[in-house]
Every structure is written in structure tokens, then in C-alpha cells.
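Peer 1:
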């Protein structure tokens, strides 16, 4: 798999293997390999779980590259040690993580307590396991000798290794502008205008909630500063390395001026108002992987979708049902909107259909389609007419489903990828926020005028009356046409100039050229002598 000739540019990505972080890497790699005339060798270092996805991404990119092409297969490097998921599962099993961030009911007073384990979700390794991964990354970075190392923003071992080695670095993040720019907004709006993470307060924060919001923000700042887990890893890095300094996502988010770029999967037009964007922050737009159309992957599903307008329900892999309570509430809400659509005299949504991905927790089974079961009692006539599909797996990628012209509404949990996929497809949203940052995307959909927060009163679950009203209002309410138009406008904006993955790839290629010119100038200025790097701390924040 290793090419025999030296490419013009060599890019190394360091990423966690979890889909939420690795998707932007795979998407950008595709854009790099298919960029016209670019002679690029892409390397990806991650944990074994990602190897198959990298292989598929490589094959897809090579097949898509326009001839004549210099595209080369992606070179995968296996990182030693525990992946983030494996380390987190070990921490949960030992009880060291405290509460499970996805299982505890979400109320505002629980926000600080929920943040403490969230720090560990992003850095779940103990000190010894952290150093195993760190050392493996040091070896890979040295062996590859890339022109530029592009790092996952929450991969602390990678950030630490790059700073220690002083290699030319860029950060690639699936996060939003707000995640990196909010602390630097004028007027201290982070304290009083924007909801403290995890509270599910509305945006902007109502006057009567501002004092409480300020208290919660300071509580979380205190927890961040005093977090014992972070201190243990930092101490181990200092003790057992040759002078490295522990770097985390907080090092990026709380630094107003970095001397390397941070690419985000976002645009100002799909973000909350930000009066100041740090100069190192590059909004690329949604960085999404290309997907094969539904008609290629699942012809039967494509034919069914084309029968009439479709509501697409996909609450992600983490929202799993242990009992039929919430699926039954969903069914009742769907009955409300289906009945309303069929009774509309103009029949604008006549024949409305539902594609519902319903994931049960492991070991849990309750009837969905059996005669006499609760869900069939609610939706039976629509199920008999073939207008509802309830499945636990949908073969085409979510973006491929959303891009089908008949999909008129996305019901999702407010995950970043789910939100960006729906925005890119120009589909309206009903967001069922379930924890932490998912509430942020529910607020974002309402602020942008492209959807409704469907469980604002009943979070982290949902109730038929509130959800049914949201579904009806988005599809048939007085603002539905305006939402549809705004969603289409934002989709066109996101697709401009090749979309987010193309923007990320161009930025990376331009950065390599900029760095080369800088080295050449330095070489000329030093009379032809320059070191490989400026030193171990050569790429740290200014």
C-alpha cells in the first residue's frame, strides 16, 4: 500500500476512531485525493476500529478521482493502546467515571455534575494508558515525516505530541465556531446571553434566568480548573516524558491567538451571532463524506421514498430505547401529523410517509408490528397502507436519505453530524435534544428559523402533545413555508465552492505551500542552513 515514489505533498491525520471525530478526517481525505492536479499522499493514524473505514474511504476516493489523477491509496497507521471508547468503557466498569452522561435525567441543576464526567469522556485514559498512545503517536509522526500534521481537536495525546516535536500542525474539528469563539465575544455574552452547556435554557437566555446562568458558568469554570483527572495526566506527562506539556481541547478553546489554524465544520451563516472570530479559526462549512445515492445502495427504499413526502426519524446510535414508553409517544405524535396531513383540503402533504430508525438497547425487545401491540394500535392503518417503515438499520448513509427530494423533515437528537447533514440537504428540523450539546443544536435550529425544538418541555424524553405540535407546525404551520425557504437557502450556501470538505482540503494544501515558502525565505536568509524544526516548543500557542 505504501507508494514507492515521493509525492509532492504528504499529509498526516491523527484522529480518534469514533465516528463523531473521524468523519471530518475521512471527508477531507476524500477531497484531498480527488482535488484536480494535487499530488498528495494521505496518511491516517488511528485505532484499529477505523481501519476498514479508511480502506473504504480510500477506495471510494480513488474511484472518484478524475483522470489523469495522481491519487494514491491512503496509508493507515495503527495507534497502539486503548481507543477513546475502550478507555471510557473501562472507566465506566471501574466506577471511576461517576454518572453516565447519557443516562441521567437532564435538568439545569445537574449541569455542573454532568460536566465532570464529560471531561473524562473526552480524555478517558488513565495516565499509563495515555502515555502508551502518546508514545505510539510520537513514533508515527517521526516515521511519516509529513509536510503537515492535521489533528483531531479532542485527541489530547496527538496535540501533546505535535507540540513536543514542534511539527507543523493544523487542527481539524467537527465542532462549531461558537465552541472556539464564545469566550472571546465582547460584552461577556458567554455569561449572560448564551445558555450554560447542559442547562437547556433557551437562546438568548431570558432575563430571569441570567443570574442562574452566570452562577452555573462559573461553577463549570471552577470544575475545569480543579479537575483531578486532568491534573493526574498532566503530572504524568511532565514526569515521564522528555519535557512535553499536556495539551487538551481546552488549550485550543481558551486561546485567543494560536499560531496554527483550526478548521471547523461550520459557517457564520449557520451559527449563533459571533461578533469576533479568532484569526486562527477557519469556518469551512459542513465537512461531510460523500455518499452513494439511495437508488444505488437500496433501490427498494428509494422507490418507496419517491411515492410521497417523507418524515425521516434518526436519533443516532446513542439514543437507545429500554422500554416502549418513548416510541409509543413518538407513534402518537406521528398519528397527529399524519391525520392532519390527510385532512388538509389542499393535500399539500397527501400520502405523507414515515421512515423511522428505532434502536432498542441491547437485550431489549418489545413488539412494534405485531397485531394488538401498542404502536400498531396507534399507527395501524398507516402501517397497513405501507406508509410507515420502522427499522433498526437503514443501509444508505443519512445524508443520502436526506438528499432525496421527497424527504421534507428530519427528526434527530441534535448531534452535530445529524444537524449538519440536515442543513446541507436543505431539510427542516425537529430536534429532540437529549443531553448536553444537543440542546445547543436545538436552540440553533430555532434561531436560524429552520426548525423547532420538539421536546423543550419534556426533555430528555418527549411527549406526544408537544412533539405532535412541533411536527405539525414545521410542516403545516404559519411559518412552515418560511422555514422551508430558509433551509433551502442555507443548503445552497453550504454547497458553494464544493462544500466544507473541499474548503478544508484547499486550506490544508494552501497551508503546505505557505509553510514551504516560509522555509525557503528562512533558508535564503540563513545562507542555506536551517534546522528541521525550530525546537520542541516551536509550534505552541503564542
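In my numbering, the protein residues as written are 127 to 668. For each residue, glycine too, the CB sits at the ideal point set by N, CA and C.
Suppose only complete runs of 4+ residues qualify. What are the alpha helix (DSSP H) ranges in the stretch 531-558, listed by chain order?
Peer 2: DSSP runs (the alpha helix (DSSP H)) wholly in the stretch 531-558: 542-551.
Peer 1: From the DSSP secondary-structure annotation, give me the bridge partner or partners of residue 517.
Peer 2: As a first step, residue 517 is located in the chain shown; it is residue number 391 there, counting from the start. Residue 517 is bridged to 483.
Peer 1: For residue 274 and residue 409, what's the separation of their Cα atoms in angstroms?
Peer 2: Start at 1 with the first residue of the chain shown, and residue 274 comes out as number 148. Start at 1 with the first residue of the chain shown, and residue 409 comes out as number 283. Residue 274 and residue 409: Cα-Cα distance of roughly 19 Å.
Peer 1: Can you round the beta-carbon distance between residue 534 and residue 617 to whole angstroms, since I take them to be within the 8 Å contact cut?
Peer 2: Here the question's residue 534 lines up with position 408 in the chain shown. Here the question's residue 617 lines up with position 491 in the chain shown. At roughly 13 Å, the Cβ-Cβ gap does not stay under 8 Å, so residue 534 and residue 617 are not in contact.
Peer 1: Would you kindly work out how many angstroms separate the C-alpha atoms of residue 270 and residue 442, rounded to a whole number?
Peer 2: Locating residue 270 in the chain shown gives position 144, counting from the first residue. Locating residue 442 in the chain shown gives position 316, counting from the first residue. Approximately 35 Å between the Cα atoms of the pair.
Peer 1: For residue 344, report the span of its alpha helix (DSSP H) as first-last.
Peer 2: Here residue 344 corresponds to residue number 218 of the chain shown, with the count starting at 1. 336-352 is the span of the alpha helix (DSSP H), which, as asked, contains residue 344.
Peer 1: Output needed for residue 231: all residues of its chain with C-beta closer than 7 Å, excluding positions within five of it in sequence on either side, in chain order.
Peer 2: Counted from its first residue, the chain shown places residue 231 at position 105. Because residue 231 carries a pLDDT of 47, less than 50, the predicted location of this residue cannot be relied on, and no value is offered for it.
Peer 1: For residue 542, tell me which candidate among 521, 526, 566 has the shortest Cα-Cα distance.
Peer 2: Residue numbering aside, residue 542 sits at position 416 when the chain shown is read from its first letter. The residue with the shortest Cα to Cα distance from residue 542 is 566.
Peer 1: Could you tell me the boundaries of the beta strand (DSSP E) in which residue 413 lies?
Peer 2: On the chain shown, position 287 is the one that residue 413 refers to. Careful: residue 413 lies outside any beta strand (DSSP E) and carries neither H nor E.
Peer 1: Enumerate in chain order the residues of its own chain whose CB-to-CB distance from residue 613 is below 7 Å, with the five nearest sequence positions on each side excluded.
Peer 2: Within the chain shown, the letter at position 487 stands for residue 613. These residues qualify, in order along the chain: 552, 553, 554, 576.
Peer 1: Please state if the CB of residue 197 and the CB of residue 362 are separated by a distance shorter than 8 Å.
Peer 2: Taking the first residue of the chain shown as position 1, residue 362 is located at position 236. Taking the first residue of the chain shown as position 1, residue 197 is located at position 71. Not in contact: residue 362 and residue 197 (Cβ atoms no closer than 8 Å).
Peer 1: When the distance is taken between beta carbons, is residue 526 closer than 8 Å to residue 415?
Peer 2: The residue labelled residue 415 in the question sits at position 289 within the chain shown. The residue labelled residue 526 in the question sits at position 400 within the chain shown. The answer is no: Cβ separation not under 8 Å.
Peer 1: Looking at C-alpha atoms only, which residue of 601, 344, 324, 320 is the closest neighbour of residue 333?
Peer 2: On the chain shown, residue 333 is found 207 positions in, with the first residue counted as 1. Checking every option, the nearest Cα to that of residue 333 belongs to 320.
Peer 1: With burial defined as no fewer than 16 other Cβ atoms inside 10 Å of the residue's Cβ, what is the status of residue 204: buried or exposed?
Peer 2: As a working mapping, residue 204 is identified with position 78 in the chain shown. Result: exposed.
Peer 1: Which ranges would you report for the beta strand (DSSP E) in the stretch 428-465 if only whole runs of at least 3 residues count?
Peer 2: Runs of the beta strand (DSSP E) inside the stretch 428-465: 436-440.
Peer 1: Just confirm the distance between the C-beta atoms of residue 476 and residue 468, as a whole number of angstroms; I'd bet it's less than 8 Å.
Peer 2: As a working mapping, residue 476 is identified with position 350 in the chain shown. As a working mapping, residue 468 is identified with position 342 in the chain shown. Indeed, because the Cβ distance is near 7 Å, the residues count as touching under 8 Å.
Peer 1: Report the three-state DSSP secondary structure of residue 579 (helix, strand or coil).
Peer 2: Counting from one through the chain shown, the residue named residue 579 turns up at place 453. Residue 579 falls in the strand class under three-state DSSP.
Peer 1: On the criterion of 16 or more Cβ atoms from any shown chain inside 10 Å, does residue 286 qualify as buried, or is it exposed?
Peer 2: Walking along the chain shown from the start, residue 286 turns up at place 160. By the neighbour-count rule (16 or more Cβ atoms within 10 Å), residue 286 is buried.
Peer 1: Apply the 10 Å Cβ neighbour rule to residue 588 and answer buried if 16 or more other Cβ atoms are within range, or exposed otherwise.
Peer 2: Start at 1 with the first residue of the chain shown, and residue 588 comes out as number 462. Classification for residue 588: buried.
Peer 1: Please classify residue 136 as buried or exposed, where buried requires at least 16 other C-beta atoms within 10 Å of its C-beta.
Peer 2: Against the chain shown, residue 136 aligns to sequence position 10. Label assigned to residue 136: buried.
Peer 1: Report all residues from its chain with a CB closer than 7 Å to the CB of residue 572; omit the five preceding and five following residues, and keep chain order.
Peer 2: As a first step, residue 572 is located in the chain shown; it is residue number 446 there, counting from the start. Here the set comprises 578, 579.
Peer 1: Should residue 378 and residue 388 be called a contact, given that it needs their Cβ atoms to be closer than 8 Å?
Peer 2: Locating residue 378 in the chain shown gives position 252, where the first residue counts as 1. Locating residue 388 in the chain shown gives position 262, where the first residue counts as 1. Cβ atoms of residue 378 and residue 388: closer than 8 Å.
Peer 1: Against chain D, with Cβ distances strictly below 8 Å, would residue 443 count as a contact?
Peer 2: Of the protein chains in the structure, only one exists, and it is not chain D.
Peer 1: Ordered along the chain, which non-local residues of its own chain (more than five positions away) have a Cβ less than 7 Å from that of residue 283?
Peer 2: Here residue 283 refers to the residue found at position 157 of the chain shown. So the qualifying residues of the chain are 256, 259, 260, 263.
Peer 1: Using DSSP with H/G/I as helix, E/B as strand and the rest coil, what is residue 573?
Peer 2: On the chain shown, residue 573 is found 447 positions in, with the first residue counted as 1. Note: residue 573 maps to helix in three-state DSSP.
Peer 1: What number of angstroms, rounded off, separates the C-alpha of residue 423 from the C-alpha of residue 174?
Peer 2: Looking up residue 423 in the chain shown gives position 297. Looking up residue 174 in the chain shown gives position 48. Whole-angstrom Cα-Cα distance: 26 Å.
Peer 1: My assumption, with CB atoms under 8 Å, is that residue 532 sits in contact with residue 436. Please give the rounded CB distance.
Peer 2: Your numbering for residue 532 matches position 406 in the chain shown. Your numbering for residue 436 matches position 310 in the chain shown. At roughly 5 Å, the Cβ-Cβ gap stays under 8 Å, so residue 532 and residue 436 are in contact.
Peer 1: For residue 496, does the count of other Cβ atoms within 10 angstroms reach 16, so buried, or fall short, so exposed?
Peer 2: Here residue 496 corresponds to residue number 370 of the chain shown, with the count starting at 1. When all chains shown are included, residue 496 counts as exposed.
Peer 1: Where residue 600 and residue 143 are concerned, what is the direct C-alpha to C-alpha distance, given to the nearest angstrom?
Peer 2: Taking the first residue of the chain shown as position 1, residue 600 is located at position 474. Taking the first residue of the chain shown as position 1, residue 143 is located at position 17. Residue 600 and residue 143: Cα-Cα distance of roughly 36 Å.
Peer 1: May I ask you to list the residues that DSSP assigns as paired with residue 140?
Peer 2: Residue mapping note: residue 140 aligns to position 14 of the chain shown, counting from 1. Looking at the DSSP assignment, residue 140 forms a beta bridge with 171, 277.
Peer 1: Any idea which residues DSSP pairs residue 638 with across the strands?
Peer 2: The residue given as residue 638 occupies position 512 in the chain shown. Answer is none; residue 638 lacks a bridge partner.
Peer 1: Below 8 Å between beta carbons: does that hold for residue 574 and residue 396?
Peer 2: Along the chain shown, read from residue 1 onward, the residue named residue 574 stands at position 448. Along the chain shown, read from residue 1 onward, the residue named residue 396 stands at position 270. Their beta carbons are under 8 Å apart, which means residue 574 touches residue 396 by this criterion.
Peer 1: Between which two residues does the alpha helix (DSSP H) harbouring residue 611 extend?
Peer 2: In the chain shown, counting from the first residue as 1, residue 611 sits at position 485. Per DSSP, residue 611 belongs to the alpha helix (DSSP H) from 606-621.
Peer 1: One question on the structure: do residue 168 and residue 159 come within less than 8 Å of each other, judged by their Cβ atoms?
Peer 2: Numbered from 1 along the chain shown, position 42 holds the residue referred to as residue 168. Numbered from 1 along the chain shown, position 33 holds the residue referred to as residue 159. Closer than 8 Å, so yes.
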